[in-house]
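Chains C and E supply the protein sequences, listed in that same order.
So the first sequence is residues 105 to 555, counted in our numbering.
So the second sequence is residues 99 to 468, counted in our numbering.
Where is the CB? At the ideal position from N, CA and C, for every residue including glycine.
These notes are about the structure you will find just below.
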Amino acid sequence: MLLALELTALASLLVMAVYTLRHLLFALNRLFCPHRMNYTDLAGFHLPSISILLPMHNEEAVAQDVLEALLESDYPHDPGRFEIIPINDHSTDRTGEILDEYAERCPDVKPLHRQGGKRGKAAALKAATSIARGEILILFDADYVPGKSLLKFLAAPFADPEVGAVMGRVVPHNVGSSLLTRLLDLERAGGYQISQQARYDLGLIAQYGGTTGGVRRTALQAAGGWNALSLAEDTDLTLRLAIHGWKIAYVNRAECYEEVPATWEVRRKQIERWAIGHTDCLHRHLGPLLRSPHLSGKAKLDGVLLLCVYLTAPLIVAGSMACMALFVAGRSFLPALTAFFLASTCYNAVGNFASFFEIGSSVILDGAHRRVRLLPLNIGNFVFSTATVSMALAKYYSGRILGRSLPWNKTLRYRNGNGNGNGNSGPGPNGHGNGRGLNIIRAKSVVPKST
Amino acid sequence: MLGYFALLILFLLFFSFSFYFGMREWLRPQDAAPVPVDVEYVRAENYFGVSFRRNMREWLKTARALPPEEPRDGSVRAVLERPNGERILCLAGGCFGGRGEREELIYSERDLCLAEGAVFHKEIYSLGKVETGAGAQLQAVAADGEISLGVDNAVSRWVDARHKILLRRGTVVRSRVSSMESIELERQVSAQSLFAPLIFTADYRPVPSSPASGKPEERPPAELSVQAGEVSPAYLNGIPCSRLAEETWLVRGNLELPAGTCVDTNLVVKGTLCSGPHCCFSADVKAGGIELGPSNRIVGNLVSGSVLEIGQDSLVGESIIAEGDILLRAGVRVGGGGRQAVVSAGRDVRMEANVAVCGKIAAGGMVITI
């Protein structure tokens, strides 16, 4: 029994040390090494035909904002080159009516109404892809507010015939809503500014995030299309594209505002869905990933670490409990215990959930120095994530054993004009969102102009 | 035991100290605004010139006129002073500057010529043409007419003209050169990036597609299209390869294409791609390194993971991008027929004589004519 506890603690130590090194490497690479292939020069010059897919389920509060933002885009609105396909996925509110209103006014907007069939983002995308005409499919979630030139930046990397998907950077706009949104803002900055960029620069697997990104239609078809059964269709597609030899380009310059969860309950559901979907991908893609002839050894190693990332949460819990049990049992396990806590500290400092070092580096690169003071509070986010992921995985594995499938949960939107997270956003006086949210986001995004 | 408690208290003190700042930032936030993303941003390739012209017009309205205290150069019509103390010399046009150094912004209402060896530490804006003598040193120059920079000029920042730009031998521009018409580069010119509907190097011989217009024009893309009979499916025989997608082949290793080969799909080569003369590519091409022979035709984009060399008299329909150096041999044409393209290198772009690019050339290092 004691041997098992010792092995658990040591295994945790080893795994955390590996993740620690991985994230340390990412941060150092991002800070001190040059970028790889830069496609941003091509923005505005390489203009393939694009179809913008917008999955929507009860999105009356935000539907108008994202449509208005896309219609104001400076991407050429030629009929054969540009179309917007908002997908009304089993909505019970006014989403469908809003989309029809836009379709009447704007020939570029071609809504797809789904009232039957399987619900969920992947199923909606699958249906929309079958009617889309663009060679590139660009995806946004309904709460996103793309800037005027974002589409050009996302389309540019597809000049490279090896690029199967492109991912842009996501930036929270409702930062001031709550402590959680501020912590998530830090986490996003570390995740995109450092981790995604470094993975792309190092020739590893940059992750296609399912929004603020695009996928080449032929690559999608070659990789088997959207997996409607997956709760994490983005990770699923990332892995399938990489396994089939496609590259995923990350464009840090392609920034887009999003809304992050403002309450811990919404966050819990989001993490739960990610953890289950991601771990499900682990079981489906680990073997093909290791056997793929298209991936280098380092890419495979990073792919394994990427797939296993949510398993570290229960491992940390198990390691901590093992150490405590050993301590209470009077077992002299001081070196391992010390090492465990040292590694744990390192993990919190540079690891995945509270990647302090990455966040610190991203804050420097973003020039937002004061928010770095919140870093110690991220320990709360880390503990919350660890507990939530552990419980989610327990649910997932028990579901697998009992043959239960888990439902897809949509993340609640909080936009109500002031972005303070006081509650779910409601329709405007005209019965739907009236663009106030869009204007407020624009006001927030005022950037000092240089001469 | 006492020591243990002292250490514990010390530890807790330091531990709580780090949380103090976090709690303070949480409860009294000083930095809770989103990371700024300019959602209104629209890229303008001649941004420097446009922005400076706008600012100059604003400054001319708001700056205060200074009384004539000292004898002025004959062409100086007025001296204005901005609230920050910066001076603007308003010129009627003509020749200006000498061996001395000028610290003022220059605004000229007509054509302006700058003397040989003149040094200007601030920006220049002319409503007419600008012509400089040899060895002039400029900060930046915008003109609503043409710009012609003399031999061995040095520009610390940018050059922008509404009409033609000519950069003579030995001129160096540290940032962007942009024109809404054309940019002519003599030999041994270098710049960080260039943008114009037509950029061409010395000894350029335009295709006489539109002699009536009198303007140089490039070949329309129809001339780049691959004829059906030219397609040779045998070019991958015996080569380790696989299909990435229906229209994309992936080659694991190097690929050497014999003269006259035509590739009818997208092509991705993990190693180096070398082609003989008169090869054609009807879609996009990517390789770890690319060395194309003379008179190749590429309809799509060319992407290289390292260096890229394009042989004499080759035509590229769309953009060229490489992580390393790019070399465009004599007679190479990029873009054209109303379609703008980009040549972008992680390091240097080198161009021989009679090279034309319709669109943009950008380099992590420098764009150099040889």
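Collapsed DSSP secondary structure at residue i in the structure displayed
i	result
phenylalanine 149 of chain C	coil
tryptophan 350 of chain C	coil
serine 311 of chain E	Its pLDDT being 43, under 50, serine 311 of chain E is placed unreliably by the model, and the measurement read from it follows with that caveat. Looking at serine 311 of chain E - three-state DSSP - the assignment turns out to be coil, as it is neither helix nor strand.
tryptophan 347 of chain E	strand
glycine 336 of chain E	coil
arginine 152 of chain E	helix
lysine 220 of chain E	coil
proline 261 of chain C	helix
methionine 495 of chain C	helix
isoleucine 59 of chain E	This structure leaves residue 59 of chain E out entirely; chain E is present only between 99 and 468.
glycine 387 of chain E	strand
glutamate 163 of chain C	coil
proline 276 of chain C	strand
cysteine 412 of chain C	coil
Chain E within 9 Å of residue i, Cβ atoms only
i	result
glycine 280 of chain C	yes
tyrosine 361 of chain C	yes
glycine 148 of chain C	yes
arginine 237 of chain C	no
glutamine 311 of chain C	no
glutamine 300 of chain C	no
threonine 315 of chain C	no
asparagine 522 of chain C	Bear in mind that a pLDDT of 38 at asparagine 522 of chain C, under 50, signals an unreliable position, so the model cannot answer this.
alanine 353 of chain C	no
valine 487 of chain C	no
Beta-carbon proximity check, residue i vs residue j, cutoff 9 Å
i	j	result
alanine 428 of chain E	asparagine 394 of chain E	no
isoleucine 191 of chain C	arginine 223 of chain C	no
leucine 236 of chain E	alanine 326 of chain C	no
leucine 399 of chain C	alanine 336 of chain C	no
isoleucine 396 of chain E	valine 414 of chain E	yes
glycine 386 of chain E	threonine 370 of chain E	yes
leucine 306 of chain C	phenylalanine 130 of chain C	yes
alanine 289 of chain E	arginine 272 of chain E	yes
serine 234 of chain C	glutamate 187 of chain C	no
lysine 230 of chain C	tryptophan 350 of chain C	no
leucine 243 of chain C	proline 159 of chain C	yes
leucine 157 of chain C	alanine 236 of chain C	yes
tyrosine 304 of chain C	alanine 353 of chain C	yes
serine 254 of chain E	alanine 232 of chain E	no
tryptophan 256 of chain E	arginine 267 of chain E	no
Short CB-CB distance (under 9 Å) between residue i and chain C
i	result
proline 135 of chain E	Per the sequence presented here, residue 135 of chain E reads as valine, with proline not at that position. Yes, because at least one Cβ of chain C sits closer than 9 Å to the Cβ of valine 135 of chain E.
tryptophan 256 of chain E	no
threonine 346 of chain E	yes
glutamate 179 of chain E	no
valine 361 of chain E	no
valine 397 of chain E	no
lysine 384 of chain E	yes
valine 401 of chain E	yes
arginine 274 of chain E	no
alanine 216 of chain E	no
leucine 105 of chain E	no
valine 249 of chain E	no
proline 295 of chain E	no
Continuous beta strand (DSSP E) stretch holding residue i: start and end
i	result
methionine 141 of chain C	Per DSSP, methionine 141 of chain C belongs to no beta strand (DSSP E) and is neither H nor E.
glutamate 202 of chain E	Here glutamate 202 of chain E belongs to no beta strand (DSSP E), and DSSP marks it neither H nor E.
glutamine 290 of chain E	288–299
methionine 464 of chain E	454–467
leucine 264 of chain E	263–265
phenylalanine 194 of chain E	192–194
lysine 368 of chain E	364–373
methionine 449 of chain E	447–449
Run of the alpha helix (DSSP H) containing residue i, from where it starts to where it stops
i	result
threonine 112 of chain C	106–136
alanine 121 of chain E	Position check: residue 121 of chain E holds methionine in this sequence, whereas alanine was assumed. From DSSP, the alpha helix (DSSP H) with methionine 121 of chain E extends over 100–125.
valine 257 of chain E	Where valine 257 of chain E is concerned, there is no enclosing alpha helix (DSSP H), although the beta strand (DSSP E) it sits in stretches over 257–259.
glutamate 407 of chain E	Looking at the DSSP string, glutamate 407 of chain E is not in any alpha helix (DSSP H); the run it does join, the beta strand (DSSP E), is 406–408.
threonine 285 of chain C	283–293
glutamate 462 of chain C	460–470
Where residue i meets chain A, residues with beta-carbon distance less than 7 Å
i	result
serine 253 of chain C	Any reference to chain A falls outside this structure, whose protein chains are C and E.
Whole runs of the alpha helix (DSSP H) within the stretch 185–238 of chain C, excluding any shorter than 4 residues: 199–209, 225–235
Entirely enclosed beta strand (DSSP E) segments - the stretch 297–378 of chain C, minimum 3 residues: 317–320, 351–362
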